[in-house]
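Asker: Protein chains in written order, with this note's numbering: chain B, 788 to 941; chain Y, 788 to 941; chain V, 788 to 941.
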Amino acid sequence: MSDTLDALERRLRLLEDREAIGDLIARYGPLADRGEAAALARLWTADGIYEVVGFARAEGQAAIAALIDGAHHRALMADGCAHLLGPVAVTLDGDEATAVCHSVVFRSVSGHFVAERVSANRWRLVRTGAGWRVQHRANALLDGEEAARAILSI
Amino acid sequence: MSDTLDALERRLRLLEDREAIGDLIARYGPLADRGEAAALARLWTADGIYEVVGFARAEGQAAIAALIDGAHHRALMADGCAHLLGPVAVTLDGDEATAVCHSVVFRSVSGHFVAERVSANRWRLVRTGAGWRVQHRANALLDGEEAARAILSI
Amino acid sequence: MSDTLDALERRLRLLEDREAIGDLIARYGPLADRGEAAALARLWTADGIYEVVGFARAEGQAAIAALIDGAHHRALMADGCAHLLGPVAVTLDGDEATAVCHSVVFRSVSGHFVAERVSANRWRLVRTGAGWRVQHRANALLDGEEAARAILSI
């Protein structure tokens, strides 16, 4: 492959990486709303961590799946919920990446929808043999505390 | 074109397809909020379908435009509304694609904004001579019913 | 570079431009929520304008930073806030571009989140030596007035 072709391929790969990361994260919400615990956990690496500040810290796919299979999440699904995300700001660094975004959990309550959680999210991602996966996701309520603002650093 | 160039071109085309699909869907909200019935309907194929579970099933561009020109939508616009979408999870399959996302309709009511509808969306898209178009969009309220969760399957 | 390689490079550059614009705009929310006035202002060109219809018109980076450092925004941050954006519909025209999207400002009030502002946004962007920057952002409440609908034209 010529130098020029190499250069094009490198630029293309950067875009593919960003697209793959955006797509991976976009799958979280639908999987959460459907309660697909195992498929959702596979967005993470085998030893990946999902940390919900002040609420839960799940380490490994089984623990992450257990959050989705737990009573809290099942009650949310029974009422009706949407795990809506905002656009991601992605910083690539070779085989690692960081993505920052907002999330909103809407809950259907007595015929109305309420924004039950509005949160900051920081995703650390790694390239694996099977594509990009989440190594660590931190989530914190944007309730005025510094914890959530720290997560949004880009 | 060499084999290598061919390979690059195929990878590039996949990204272009995903970008075009994302952009097409991103145009729905602004067109809906502005009441641009004809332009909105042209996001669909000539015989495209927009199905709002339990509310409406519009088949063909004229029927889809009629939804936007209808009394329900015009009242929503008069109050003030935002048809906000979440990120799309896109699955490409040659000249067809599926995209899954959330949507939220905010309505301005007495100086406040309420999330009037929080829904699941499943878009089936096809490549046409004029680019990607929507063949079928299903939308269902995330109110705890199975219909909406089914739509979010990826 | 051969003609064919040139053609591929042009297609790649279009995607890179769209990705860069999406990423630039995705950084607004996290920077706003963190109160990073100077970094947020640098999303704009030196003489860029941020116009919030009926509320403020900031011209130049110093004026834009002053909005973020102002009492109104600091009170919002103290309560807790999320500047959530929707997907952008981008129209590229060489070294200029227009992006249209929704924004929602959530505020934490007495343990609940309210959608304090739901707005239309129109971003005019220019390619600079340092990458894409915002030349003009217009924002208007989607409260039924024509001003906001005009902004969403695509």
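Just so it is clear, CB atoms sit at the ideal spot from N, CA and C, and this is done for glycine as well.
Using a Cβ-Cβ distance under 8 Å, would GLY881 of chain B count as near chain Y?
Answerer: By one-based count along the first sequence, residue 881 of chain B stands at place 94. Closer than 8 Å: no.
Asker: Which residues in chain V have a C-beta closer than 7 Å to the C-beta of ASP930 of chain B? List them in chain order.
Answerer: The count along the first sequence starts at 1 and reaches residue 930 of chain B at position 143. The answer, in chain order, is GLY867, SER895.
Asker: Any chance you could list the beta strand (DSSP E) runs of at least 3 consecutive residues sitting entirely within the segment 841 to 922 of chain Y, in chain order?
Answerer: Taking only runs of at least 3 residues, the beta strand (DSSP E) segments lying wholly in the segment 841 to 922 of chain Y are 843 to 846, 868 to 872, 876 to 880, 883 to 896, 899 to 915.
Asker: For SER941 of chain V, which option in Y:GLY816, Y:ALA853, Y:GLY841 has the closest C-alpha, if you only look at C-alpha atoms?
Answerer: Within the third sequence, numbered from 1, the residue matching residue 941 of chain V stands at position 154. First, the amino acid is wrong: residue 941 of chain V is Ile here, not Ser. Residue Y:GLY816 is the option with its Cα nearest to ILE941 of chain V.
Asker: When the cut-off is 8 Å and only beta carbons count, does PHE842 of chain B lie next to chain Y?
Answerer: Locating residue 842 of chain B in the first sequence gives position 55, where the first residue counts as 1. It does not: the Cβ of PHE842 of chain B has no partner Cβ on chain Y nearer than 8 Å.
Asker: Flag ILE812 of chain B as yes if its beta-carbon sits less than 8 Å from any beta-carbon of chain V, otherwise no.
Answerer: By 1-based counting over the first sequence, the position of residue 812 of chain B is 25. Judged by the 8 Å Cβ criterion, ILE812 of chain B is not in contact with chain V.
Asker: Of all the residues that make up the segment 809 to 839 of chain V, which are near chain B by a beta-carbon distance shorter than 8 Å?
Answerer: Per Cβ criterion, the list reads GLY809, ASP810, ILE812, ALA813, ARG814, GLY816, PRO817, LEU818, ASP820, ARG821, GLY822.
Asker: Might you give, ordered along the chain, the residues of its own chain that have their beta carbon closer than 6 Å to the beta carbon of ALA835 of chain Y, omitting 5 neighbours on each side?
Answerer: Stepping through the second sequence from its first residue, residue 835 of chain Y is reached at position 48. Checking the displayed sequence, the identity of residue 835 of chain Y turns out to be Gly instead of Ala. VAL921, GLN922, listed in sequence order.
Asker: Measure the C-alpha to C-alpha separation of VAL766 of chain Y and ILE855 of chain Y and round it to an integer number of angstroms.
Answerer: Since the first residue shown for chain Y is 788 and the last is 941, residue 766 of chain Y is missing from the structure and cannot be characterised.
Asker: So with Cβ pairs under 8 Å, would you call ARG936 of chain B a contact of chain V?
Answerer: Taking the first sequence and counting its residues from 1, the one referred to as residue 936 of chain B is at position 149. Taking Cβ atoms only, chain V reaches closer than 8 Å to ARG936 of chain B, which makes this a yes.
Asker: Would LEU778 of chain Y count as contacting chain V if we go by Cβ distances under 8 Å?
Answerer: Outside the displayed range of chain Y (788 to 941) lies residue 778 of chain Y, so it cannot be described from this structure.
Asker: Could you pull out every residue in the same chain whose Cβ sits closer than 7 Å to the Cβ of ARG814 of chain Y, ignoring the five residues on either side in sequence?
Answerer: Along the second sequence, one-based indexing puts residue 814 of chain Y at 27. Closer than 7 Å at the Cβ level, and outside the excluded window around ARG814 of chain Y, lie LEU830.
Asker: Please look up how many angstroms separate the CB atoms of ALA886 of chain V and VAL877 of chain V, rounded, as I've assumed it's under 8 Å.
Answerer: Along the third sequence, read from residue 1 onward, the residue named residue 886 of chain V stands at position 99. Along the third sequence, read from residue 1 onward, the residue named residue 877 of chain V stands at position 90. Indeed, because the Cβ distance is near 5 Å, the residues count as touching under 8 Å.
Asker: Measuring only between beta-carbons, confirm whether ARG746 of chain Y sits less than 8 Å from chain B.
Answerer: The structure shown does not extend to residue 746 of chain Y, since chain Y is modelled only from 788 to 941, so the question has no answer here.
Asker: Quick check on ILE941 of chain V: does DSSP put it in helix, strand or coil?
Answerer: To locate residue 941 of chain V, count along the third sequence from 1; it is residue 154. ILE941 of chain V falls in the coil class under three-state DSSP.
Asker: Determine the extent of the beta strand (DSSP E) in which ASP834 of chain V is found, giving its start and end residues.
Answerer: Here residue 834 of chain V corresponds to residue number 47 of the third sequence, with the count starting at 1. Element bounds for ASP834 of chain V: 831 to 839.
Asker: What do you reckon, are the CB atoms on LEU827 of chain B and ALA833 of chain B nearer than 8 Å?
Answerer: Taking the first sequence and counting its residues from 1, the one referred to as residue 827 of chain B is at position 40. Taking the first sequence and counting its residues from 1, the one referred to as residue 833 of chain B is at position 46. Not closer than 8 Å, so no.
Asker: Can you confirm whether LEU939 of chain V, when its beta carbon is compared against all beta carbons of chain B, has any partner nearer than 8 Å?
Answerer: Indexing the third sequence from 1 puts residue 939 of chain V at position 152. False, the Cβ-Cβ gap to chain B never drops below 8 Å.
Asker: Starting from GLY873 of chain V, find everything on chain Y with Cβ-Cβ shorter than 7 Å and list it in chain order.
Answerer: Translated into positions along the third sequence, residue 873 of chain V becomes position 86. Residues of chain Y passing the Cβ test: GLY816, LEU871, LEU872.
Asker: Quick one: what does DSSP say ARG805 of chain B is sitting in, helix, strand or coil?
Answerer: In the first sequence, counting from the first residue as 1, residue 805 of chain B sits at position 18. Three-state DSSP puts ARG805 of chain B in a helix.
Asker: In or out: GLU823 of chain B buried (at least 16 other Cβ within 10 Å) or exposed?
Answerer: Counted from its first residue, the first sequence places residue 823 of chain B at position 36. Classification of GLU823 of chain B: buried, given that the 10 Å Cβ count is 16 or more.
Asker: Going by DSSP, which residues form a beta bridge with ARG924 of chain V?
Answerer: As a working mapping, residue 924 of chain V is identified with position 137 in the third sequence. For ARG924 of chain V, which the question treats as bridged, DSSP gives the partners V:TYR837, V:TRP910.
Asker: Less than 6 Å between C-beta atoms, sequence neighbours within five positions excluded: which residues of the same chain meet that for GLY873 of chain B?
Answerer: Numbered from 1 along the first sequence, position 86 holds the residue referred to as residue 873 of chain B. The residues are CYS888, HIS889.
Asker: Is there a Cβ from chain V that is less than 8 Å from the Cβ of VAL921 of chain B?
Answerer: Along the first sequence, one-based indexing puts residue 921 of chain B at 134. So no, VAL921 of chain B is outside the interface.
Asker: Quick check on this structure: which residue in V:LEU792, V:ARG894, V:ALA935, V:THR791 has the alpha carbon closest to the alpha carbon of GLY867 of chain Y?
Answerer: Your numbering for residue 867 of chain Y matches position 80 in the second sequence. Per the Cα distances, V:ALA935.
Asker: By how many angstroms is the C-alpha of ARG909 of chain V removed from the C-alpha of LEU871 of chain V?
Answerer: Working through the third sequence from its first residue, we reach residue 871 of chain V at position 84. Working through the third sequence from its first residue, we reach residue 909 of chain V at position 122. The straight-line gap from Cα to Cα measures roughly 15 Å.
Asker: Counting Cβ pairs, one atom from each stretch, are 3 or more of them under 8 Å apart for the segment 797 to 807 of chain V and the segment 791 to 808 of chain B?
Answerer: Yes, they touch.
Asker: Out of B:ILE808, B:ARG821, B:GLY841, point me to the one whose CA is closest to LEU929 of chain B's CA.
Answerer: Along the first sequence, one-based indexing puts residue 929 of chain B at 142. Minimum Cα distance to LEU929 of chain B is reached at B:GLY841.
Asker: May I ask you to report which of helix, strand or coil DSSP gives LEU811 of chain Y?
Answerer: Working through the second sequence from its first residue, we reach residue 811 of chain Y at position 24. It is helical.
Asker: Leaving out the 5 sequence neighbours to the left and right, which residues in its chain are closer than 6 Å to GLU846 of chain Y when beta-carbon positions are compared?
Answerer: Within the second sequence, numbered from 1, the residue matching residue 846 of chain Y stands at position 59. Hits under 6 Å: ILE836.
Asker: Does GLU903 of chain V get closer than 8 Å to chain B when you measure Cβ to Cβ?
Answerer: One-based indexing of the third sequence puts residue 903 of chain V at position 116. By this cut-off, GLU903 of chain V is not an interface position.
Asker: Using a threshold of 7 Å, is the CB atom of GLY873 of chain Y nearer than that to any non-hydrogen atom of the ligand MN?
Answerer: You won't find the ligand MN in this model; it holds no ligand whatsoever.
Asker: Following the continuous alpha helix (DSSP H) through LEU827 of chain V, name the residue where it begins and the one where it ends.
Answerer: If you number the third sequence from 1, residue 827 of chain V lands on position 40. Counting along the chain, the alpha helix (DSSP H) containing LEU827 of chain V begins and ends at 824 to 828.
Asker: Between which residues of its own chain and VAL839 of chain B is the CB-CB distance below 6 Å, once the five residues before and five after are set aside?
Answerer: Residue numbering aside, residue 839 of chain B sits at position 52 when the first sequence is read from its first letter. Result list for VAL839 of chain B: ASN926, in chain order.
Asker: Give the interface partners of HIS889 of chain Y over in chain B, defined as CB-CB distance under 7 Å, in chain order.
Answerer: Here residue 889 of chain Y refers to the residue found at position 102 when the second sequence is read from its first residue. In chain order: GLY816, ALA869, LEU871.
Asker: How about THR791 of chain Y: is its C-beta nearer than 8 Å to some C-beta of chain B?
Answerer: For the purposes of this step, residue 791 of chain Y is taken as the residue at position 4 of the second sequence. At least one chain B Cβ lies under 8 Å of THR791 of chain Y.
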